[in-house]
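Residue numbers (the working numbering): 612 to 909.
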């Protein structure tokens, strides 16, 4: 009877693990960016966080937005007729096409967008936890149904008390205390972070932050007034939006571009208002509110 119970529970656990619902395979952004030829005109699904939105034309819900997942620090540009809110996570399904402004650079034409469900990692953890619980349950039942052997009483042998040695108060024993181990940072074991200089910076020429310099060292550099979004370049100017603009770096072409992200305060490049990503050269003048920025290459 005990063996049948154990086998039955094992079969139930195996059925629950095998019957776990399979989840559609998502595509990593790093795979699309490093091997775009494999995904041209292919429908894929990515899950990530919206980083920036660029309405085109300005004031509408149409335009471009960028999405970032855990596979790399580079973003994927998505073309949509209904722009999503920034910093929200979504599951986006669309067709990979070539960016009309950048040769051999992939972008996604959005077909559908929804809130992400349970991640694959969470699903696997739940399945593993269920399997472990069933295994422990089987072991527990097996132990309960195992017949107990009757213990044979044994004679108790009590050792004779040992006399305590006499203590000489004139003799003191000192115990050496080992020195504390050095911390990893003090011992030089701390890991040094790598700083990548892209060979360009932003200089504040006019405005409350005049005279400040901001070196560019990321794929995407956000600009705006301090607020909900953590901007890489913070401008304490009331005429600048909290999510004013972003500067993008193209690894393949080694060039920079700037895009407006504010729906209330325009961003101007060399005096002309912009919307989507626009290439900037050395000495370019970027205006937002009362603040004037100069793009410089070293």
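Note that CB positions come from ideal geometry on N, CA and C, so glycine has one too.
Mind checking which residues open and close the beta strand (DSSP E) that includes residue i?
i: residue 645; result: From DSSP, residue 645 is part of no beta strand (DSSP E) but of the alpha helix (DSSP H) over 640 to 645.
i: residue 881; result: It is not in any beta strand (DSSP E) - residue 881 carries neither H nor E in the DSSP assignment.
i: residue 857; result: 856 to 861
i: residue 694; result: Where residue 694 is concerned, there is no enclosing beta strand (DSSP E), given that its DSSP letter is neither H nor E.
i: residue 890; result: 889 to 891
i: residue 909; result: First-last for residue 909: undefined, no H or E at that position.
i: residue 817; result: 811 to 817
May I ask you to list the residues that DSSP assigns as paired with residue i?
i: residue 845; result: 835
i: residue 659; result: 701
i: residue 824; result: 814
Out of the options, state which residue places its alpha-carbon closest to the alpha-carbon of residue i.
i: residue 899; options: 841, 887, 852 and 737; result: 852
i: residue 809; options: 906, 833, 860 and 849; result: 860
i: residue 811; options: 726, 708, 906 and 702; result: 906
i: residue 681; options: 638, 706 and 715; result: 638
i: residue 897; options: 840, 909 and 835; result: 835
i: residue 693; options: 829, 676 and 736; result: 676
i: residue 673; options: 645, 712 and 720; result: 720
i: residue 678; options: 670, 705 and 667; result: 705
i: residue 696; options: 863, 854, 878 and 883; result: 854
i: residue 596; options: 828, 733 and 847; result: The question about residue 596 has no answer, for the chain in this structure spans 612 to 909.
i: residue 849; options: 875, 826 and 740; result: 875
i: residue 908; options: 824, 690, 881 and 872; result: 824
i: residue 647; options: 844, 864, 707 and 745; result: 707
According to DSSP, is residue i helix, strand or coil?
i: residue 675; result: strand
i: residue 901; result: coil
i: residue 707; result: strand
i: residue 851; result: coil
i: residue 687; result: strand
i: residue 875; result: coil
i: residue 665; result: strand
i: residue 733; result: helix
i: residue 653; result: coil
i: residue 722; result: strand
i: residue 750; result: helix
i: residue 648; result: helix
i: residue 895; result: coil
i: residue 796; result: At residue 796, the pLDDT of 44 sits below 50, so the modelled position is not reliable and the matter cannot be decided from this model.
Quick one: does the C-beta of residue i sit closer than 8 Å to a heavy atom of the ligand GTP?
i: residue 909; result: Looking for the ligand GTP in the displayed structure turns up nothing, as the structure carries no ligands at all.
Discussion item. Contact between the stretch 656 to 669 and the stretch 809 to 829 is defined here as three or more beta-carbon pairs at a separation below 8 Å; is this criterion met?
Written reply: no
Discussion item. Is it the case that the stretch 678 to 696 contacts the stretch 649 to 659, given that we only count it when at least three CB pairs across the two stretches are under 8 Å?
Written reply: yes
Item to complete: May I ask you to verify whether the stretch 719 to 729 touches the stretch 689 to 703, counting CB pairs closer than 8 Å and requiring at least 3?
Response: yes
Worksheet item: Hey, is the stretch 866 to 873 in contact with the stretch 881 to 895, meaning 3+ C-beta pairs nearer than 8 Å?
Response: yes
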